[in-house]
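**Student:** My structure is below; once you've seen it, I'll send some questions.
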Amino acid sequence: MTPQKSKFHKTRMDNKKNYSQLKIILFIPCFYMFKNIVNIQLFIALFCLYSCSDDSKKYKPKDKSISHTAEKLNVLLIIADDLNCDLGAYGNSVVKTPNIDRLAERGVLFENAHNQYPLCGPSRASFMTGMYTNQTKITRNNMNLRNSVPDVITMGQRFRQQGYQSVRIGKMFHYDNPSAIGTSGNDDIYSWDQTVNPYGRDKIEEHKINTLTPRRYGGTLSWLAADGEDEEQTDGIGASEAIKKLDDFAKGDTPFFLAVGFFRPHTPFVAPKKYFDLYDREKIEIPESSSQYLATLPEPAAKSIRAKKNQLNLEKERAQEIKEAYYATISFVDAQVGRLLDQLEASGLGENTVVVFTSDHGYHMGEHGHWQKQTLFENATRIPLIISAPNSENKGVISISPVELIDLYPTLMDLTDINTPKHVVGKSLEPLMKNVNASIRGSALTKWRNGYSIKTKRYRITKWGSNGELGYELYDHEKDKNELINLASNQDYNEVIDSLKLVIEQRIAEASIKPEGLGRQFENAKPIPKAGNITFGDIHDANGKRTYLKKK
Ligand SMILES: [Ca+2]
């Protein structure tokens with residue numbers, strides 16, 4: 013038993029003893045007051061009844077998890093923003109991620125994990141509530157969760173309800189990145205006991221950042237090999253704050269849910285110079301894409317990968333420079349993950365802390381001719397997901413079963429022995445963590461605009477338009493991992509596509525049912541109005557027109 017556990021036992025025993033003493037003290041004067049008025053036997057009987065009924069409340073808890081407080085595991089949830097599976101642990105031999113790889117060695121790596129909507133805000137609202145976006149009613153950024161599902165119990169809120177200290181550092185719910193860094197973004201105040209909003213040199217020196225669109229850094233490709241140390245960057249500061257929190261938690265006896273949301277590798281790809289030195293820019297490969305290929309796709313799919321006009325057909329050298337910066341930024345985030353893992357070990361918390369590493373959605377790096385997110389290709393739907401539980405016998409194993417980001421909520425509830433709220437429709441991955449060959453779902457569902465897509469172990473089918481009237485895509489991952497050959501019209505796959513059409517319809521119908529116990533659900537909640545971005549140091553007139561640009 014760890015010192016933390018024995019402290020809990022002691023506190024509970026002390027409380028019990030004090031409570032009994034208090035009852036005896038109250039009983040004596042009451043006995044003399046009642047002595048000459050009513051039947052003493054009746055009083056004693058009433059007292060016993062009161063005593064017993066009180067004890068029965070104490071020793072038969074309604075919620076089984078409450079009785080297990082003494083054995084609570086802590087949770088450290090680390091989420092990167094816009095990180096795809098270009099990681100060593102996921103088989104990428106170029107990107108250097110020794111720390112995420114070391115976490116994978118002691119946990120379960122989910123090879124076939126997918127987000128539910130490949131855009132920050134919707135994805136985060138979805139996994140923090142354990143529901144699909146047709147249930148959260150959030151499919152846009154800059155939405156406040158409580159405007160559409162005010163009564164929902166978020167993951168952080170559930171931990172708080174169970175006596176955990178729930179702390180957010182950085183980005184968990186939607187947060188305009190990088191424009192809102194330093195603020196709380198579109199946070200949910202009910203999810204946390206405490207929040208920390210780091211703000212680093214990447215913001216103070218934002219004007220130095222290279223970008224395809226002047227003074228735009230979030231929605232467009234932008235990058236910088238920065239001067240200075242990790243600890244000066246926003247995510248370096250976030251990691252330092254998390255280390256301080258872990259240090260505090262190690263001294264106390266309260267179970268914790270520490271959610272650390274890194275802002276990188278989301279654009280701007282800013283990392284200290286040393287991380288750029290890890291890569292050989294000239295050797296970085298850029299996928300090619302043709303206009304003939306576009307003709308094989310339904311129109312909405314073709315549009316999704318040609319939406320960002322100034323990012324199309326980048327010159328190879330420019331594309332390599334940008335991709336190198338994304339990789340350098342991944343290595344920078346990896347180093348911050350390493351700092352957290354080191355602190356977990358040094359503080360002794362590693363023995364009773366579940367560690368999760370994930371991202372809110374995938375990211376194209378020129379695949380299909382597209383950069384960034386917002387498509388229904390594997391590049392945007394697939395996410396890294398690694399869960400390390402201290403009491404798990406399965407370490408360094410890989411699950412190829414399709415899983416969803418909304419499965420994280422019930423998984424963490426199961427691992428910490430807390431009852432999952434009824435409205436959570438994700439499925440616990442605990443059976444897969446015990447046996448990677450187990451099966452909990454046949455497919456992972458992702459929505460984007462008027463399209464839905466499911467990924468099974470072998471296939472991806474994508475449907476566009478509410479009745480499929482805008483077309484279908486079918487990919488066979490056994491032969492085409494990059495999803496370049498649309499088989500939707502291939503006669504050899506008639507049976508496959510017919511059966512998968514039934515499955516996707518069923519999945520969409522289920523994902524659209526209002527979950528039991530959710531409470532109110534509003535259809536048409538609107539995003540907050542968004543003001544124009546201001547880069548720190550630039551001057552704008554009252555009409556928002558820039559009158560002065562801070563020089564590099
Ligand atoms: Ca994101």
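Start counting the sequence shown at 13; every next residue gets the next number (the numbering used here). A virtual CB, placed ideally from N, CA and C, is assigned to each residue, including glycine. Note that the structure is predicted; figures quoted are calculated from it, not measured.
To the nearest angstrom, how far is it from the Cα of Phe369 to the Cα of Lys407?
**Tutor:** For the purposes of this step, residue 369 is taken as the residue at position 357 of the sequence shown. For the purposes of this step, residue 407 is taken as the residue at position 395 of the sequence shown. Near 15 Å, if we compare the C-alpha coordinates of Lys407 and Phe369.
**Student:** Along the chain, where does the alpha helix (DSSP H) that runs through Tyr487 open and close?
**Tutor:** Within the sequence shown, residue 487 is the residue found at index 475, counting from 1. Unbroken run through Tyr487 is the beta strand (DSSP E), 483-488; no alpha helix (DSSP H).
**Student:** Excluding the 5 residues flanking Tyr291 on each side, which residues of the same chain have their C-beta closer than 7 Å to its C-beta?
**Tutor:** Your numbering for residue 291 matches position 279 in the sequence shown. Closer than 7 Å at Cβ, skipping near neighbours: Glu336, Tyr339, Ala340.
**Student:** Does the beta-carbon of Leu514 have 16 or more other beta-carbons within 10 angstroms, so that it is buried, or is it exposed?
**Tutor:** Here the question's residue 514 lines up with position 502 in the sequence shown. With fewer than 16 Cβ atoms within 10 Å of its Cβ, Leu514 is classed as exposed.
**Student:** Within 10 angstroms of the Cβ of Gly133, are there 16 or more other Cβ atoms? Answer buried if so, exposed if not.
**Tutor:** For this step, residue 133 is matched to residue 121 along the sequence shown. The residue in question, Gly133, is buried, as its Cβ has 16 or more Cβ neighbours within 10 Å.
**Student:** May I ask you to check if the CB of Cys97 is nearer than 7 Å to at least one heavy atom of ligand 1?
**Tutor:** Along the sequence shown, read from residue 1 onward, the residue named residue 97 stands at position 85. Incorrect: Cys97 has no Cβ contact closer than 7 Å to ligand 1.
**Student:** In angstroms with no decimal places, state the Cα-to-Cα distance between Arg170 and Pro422.
**Tutor:** As a position in the sequence shown, residue 170 is number 158, starting the count at 1. As a position in the sequence shown, residue 422 is number 410, starting the count at 1. Distance between the alpha carbons of Arg170 and Pro422 is about 11 Å.
**Student:** Identify, in the order they occur along the chain, each residue of the same chain with its Cβ nearer than 8 Å to the Cβ of Ile551, setting aside the five sequence neighbours on each side.
**Tutor:** Here residue 551 refers to the residue found at position 539 when the sequence shown is read from its first residue. Hits under 8 Å: Arg558, Thr559, Tyr560.
**Student:** Within its chain, find whatever has a CB closer than 6 Å to the CB of Ile37; leave out the 5 residues flanking it on each side and keep chain order.
**Tutor:** The residue given as residue 37 occupies position 25 in the sequence shown. Residue placement at Ile37 cannot be trusted, given a pLDDT of 45 that sits under 50; the coordinates are not used to answer.
**Student:** Examine ligand 1 and report whether any of its heavy atoms sits within less than 7 Å of the Cβ of His126.
**Tutor:** Here residue 126 corresponds to residue number 114 of the sequence shown, with the count starting at 1. Outside the cutoff, so no.
**Student:** Among Arg172, Pro312, Lys286, which one has its Cα closest to the Cα of Trp204?
**Tutor:** On the sequence shown, residue 204 is found 192 positions in, with the first residue counted as 1. Answer by Cα proximity: Arg172.
**Student:** Please classify Ile193: is it buried, with 16 or more other beta-carbons within 10 angstroms of its beta-carbon, or exposed?
**Tutor:** What you label residue 193 is simply residue 181 of the sequence shown in a count that begins at 1. Buried: at least 16 other Cβ atoms inside 10 Å.
**Student:** Would you decide whether Arg213 is buried or exposed? Buried here means 16 or more other CB atoms lie within 10 Å of its CB.
**Tutor:** Here residue 213 is taken as the residue at index 201 of the sequence shown, counted from 1. Burial call: buried.
**Student:** Might you give, ordered along the chain, the residues of its own chain that have their beta carbon closer than 6 Å to the beta carbon of Ala137, omitting 5 neighbours on each side?
**Tutor:** Residue mapping note: residue 137 aligns to position 125 of the sequence shown, counting from 1. Only Thr148, Ile150, Leu157 meet the Cβ criterion.
**Student:** Using only the alpha-carbon positions, how far apart do Thr308 and Val179 sit?
**Tutor:** To locate residue 308, count along the sequence shown from 1; it is residue 296. To locate residue 179, count along the sequence shown from 1; it is residue 167. When rounded, the distance between both Cα atoms is 47 Å.
**Student:** Would Phe344 and Asp242 qualify as a contact pair, given that the criterion is a beta-carbon distance under 8 Å?
**Tutor:** Counting from one through the sequence shown, the residue named residue 344 turns up at place 332. Counting from one through the sequence shown, the residue named residue 242 turns up at place 230. Cβ distance < 8 Å, so Phe344 and Asp242 count as in contact.
**Student:** Taking the Cβ atom as the reference point for each residue, do His373 and Ala401 lie within a distance shorter than 8 Å?
**Tutor:** In the sequence shown, the residue the question calls residue 373 occupies position 361. In the sequence shown, the residue the question calls residue 401 occupies position 389. Not closer than 8 Å, so no.
**Student:** Taking the continuous alpha helix (DSSP H) assigned at Thr428, which residues delimit it?
**Tutor:** Taking the first residue of the sequence shown as 1, we reach residue 428 at position 416. That residue, Thr428, is in no alpha helix (DSSP H); it is neither H nor E in DSSP.
**Student:** Which whole-angstrom value describes the C-beta separation of Val272 and Gly240, a residue pair presumed to lie in contact below a C-beta threshold of 8 Å?
**Tutor:** As a working note, residue 272 is residue 260 in the sequence shown. As a working note, residue 240 is residue 228 in the sequence shown. Between Gly240 and Val272 the Cβ distance is about 21 Å, and since that is not below 8 Å, they are no contact.
**Student:** Report the option in Lys263, Met143, Ser511, Asp93 whose CA atom is closest to the CA atom of Lys434.
**Tutor:** By one-based count along the sequence shown, residue 434 stands at place 422. Of the listed residues, the one whose Cα sits closest to Lys434 is Met143.
**Student:** Is the region 184-193 in contact with the region 227-237, if contact means three or more CB pairs nearer than 8 Å?
**Tutor:** Verdict: yes, contact present.
**Student:** Please classify Leu326: is it buried, with 16 or more other beta-carbons within 10 angstroms of its beta-carbon, or exposed?
**Tutor:** Along the sequence shown, read from residue 1 onward, the residue named residue 326 stands at position 314. It is buried - the Cβ of Leu326 has at least 16 other Cβ atoms within 10 Å.
**Student:** Any beta carbon from chain B within less than 8 Å of Ser511's own beta carbon?
**Tutor:** No chain B is present in this structure, which holds just one protein chain.
**Student:** At a cut-off of 7 Å, would you count Asp94 as near ligand 1, judging by its Cβ distance to the nearest heavy atom?
**Tutor:** Here residue 94 is taken as the residue at index 82 of the sequence shown, counted from 1. Indeed, a heavy atom of ligand 1 lies less than 7 Å from the Cβ.
**Student:** Just reading off the beta strand (DSSP E) that Thr195 is part of, what are its end residues?
**Tutor:** As a position in the sequence shown, residue 195 is number 183, starting the count at 1. No beta strand (DSSP E) holds Thr195; DSSP gives it neither H nor E.
**Student:** Does Leu54 pass the burial test, meaning 16 or more other C-beta atoms within 10 Å, or should it be called exposed?
**Tutor:** The sequence position of residue 54 within the sequence shown is 42, counting from 1. Its pLDDT being 45, under 50, Leu54 is placed unreliably in this model, and the coordinates cannot settle the point.
**Student:** Do you know whose CA, among Ala523, Tyr375, Val409, lies nearest Asp9's CA?
**Tutor:** No information on residue 9 is available, as it lies outside the stretch 13 to 564 that the chain covers here.
**Student:** By DSSP's criteria, Ala331 is part of a beta bridge. Which residues make up the other side?
**Tutor:** Within the sequence shown, numbered from 1, the residue matching residue 331 stands at position 319. Per DSSP, none; premise fails for Ala331.
**Student:** Buried or exposed for Thr225, going by 16 or more other Cβ atoms inside 10 Å?
**Tutor:** The residue you call residue 225 lines up with position 213 of the sequence shown. Exposed: under 16 other Cβ atoms inside 10 Å.
**Student:** CB-CB under 6 Å to Gly531, same chain, minus the five flanking residues each way: which ones, in chain order?
**Tutor:** Position 519 of the sequence shown, counted from the start, is the residue given in the question as residue 531. Around Gly531: Asp163.
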